[in-house]
Amino acid sequence: AQTVTQSQPEMSVQEAETVTLSCTYDTSESDYYLFWYKQPPSRQMILVIRQEAYKQQNATENRFSVNFQKAAKSFSLKISDSQLGDAAMYFCAYLNYGQNFVFGPGTRLSVLP
Amino acid sequence: NAGVTQTPKFRILKIGQSMTLQCTQDMNHNYMYWYRQDPGMGLKLIYYSVGAGITDKGEVPNGYNVSRSTTEDFPLRLELAAPSQTSVYFCASNWHQNLGNTIYFGEGSWLTVV
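Respectively, the protein sequence lines represent chains W and P.
The first sequence begins at 46 in the numbering used here and counts up one residue at a time.
The second sequence begins at 1361 in the numbering used here and counts up one residue at a time.
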């Protein structure tokens, strides 16, 4: 079964600085999708960014970008110019054909003013 | 466009009571899911459905039941509520999973069993 690991239960970053959240996953498949979701204190789940495994280019969405290393099965999220509103739980998720989403345990990000 | 709507948002149950969490989506999604999230933890899949009339167990199905009589609705039934079922419940949906379409979540239902 596929597993998703987030080795950093908690991270903190100074406002305006850059932080990278780690995610690794285990799969024997070659085509799949990876996602980062943000969950603020309101508990709402918000899609941050998505990566398709067959695409070499790393996905970017404004201040959010990923470093996708397929061979290493690594999918880290970089947040640039961190803002107070970025404080949240961040979940990495994996999706394969015919499978359900597999979520990692989450990383709690604090942003310090 | 309402997306995924869950009701109620908050509920307190007594041990042994039963209740149904309602979930409806207006995006014509074929896949629907119920997750639970315990404090400080990630999401655990309870049940899912790949279309009307089809449901399957997820990781933690015990103590729950679901039905999917229509594409739009996917209610979650708790029978004989127990304190271990105190959690936040999320309904979610997506379209054509094999295309990697992102999953849309409801706002969550906070359930406390006392």
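Cβ atoms here follow ideal geometry from the backbone N, Cα and C, with glycine treated the same way.
The C-alpha of residue 151 of chain W is placed about 13 Å away from the C-alpha of residue 139 of chain W. Beta-bridge annotation (DSSP): residue 114 of chain W is paired with W/119. Residue 1440 of chain P and residue 1423 of chain P have their alpha carbons spaced roughly 8 Å apart. For the options W/49, W/51, W/54 and W/64, the alpha carbon positioned closest to that of residue 129 of chain W is the one of W/64. Taking the beta carbon of residue 90 of chain W as reference, the chain P residues within 7 Å of it are 1450 and 1465, listed in sequence order. At least one beta carbon of chain W lies nearer than 7 Å to the beta carbon of residue 1405 of chain P. Beta-bridge annotation (DSSP): residue 81 of chain W is paired with W/94 and W/137. For residue 71 of chain W, the secondary structure class from DSSP, reduced to helix, strand or coil, is strand. When the beta-carbon positions are compared, residue 78 of chain W and residue 118 of chain W stay at least 7 Å from each other.
In the three-state scheme derived from DSSP, where H, G and I count as helix and E and B as strand, residue 129 of chain W is classed as helix.
With respect to residue 156 of chain W, residue 133 of chain W sits apart: the two C-beta atoms are not nearer than 7 Å. Under the three-state reduction of DSSP output, residue 59 of chain W falls in the strand class.
Look at the stretch 1411 to 1429 of chain P: the residues with a C-beta under 8 Å from a C-beta of chain W are 1418.
Taking a beta-carbon distance threshold of 7 Å, residue 95 of chain W counts as an interface residue toward chain P.
Judged by DSSP in its simplified three-state form, residue 1409 of chain P adopts strand.
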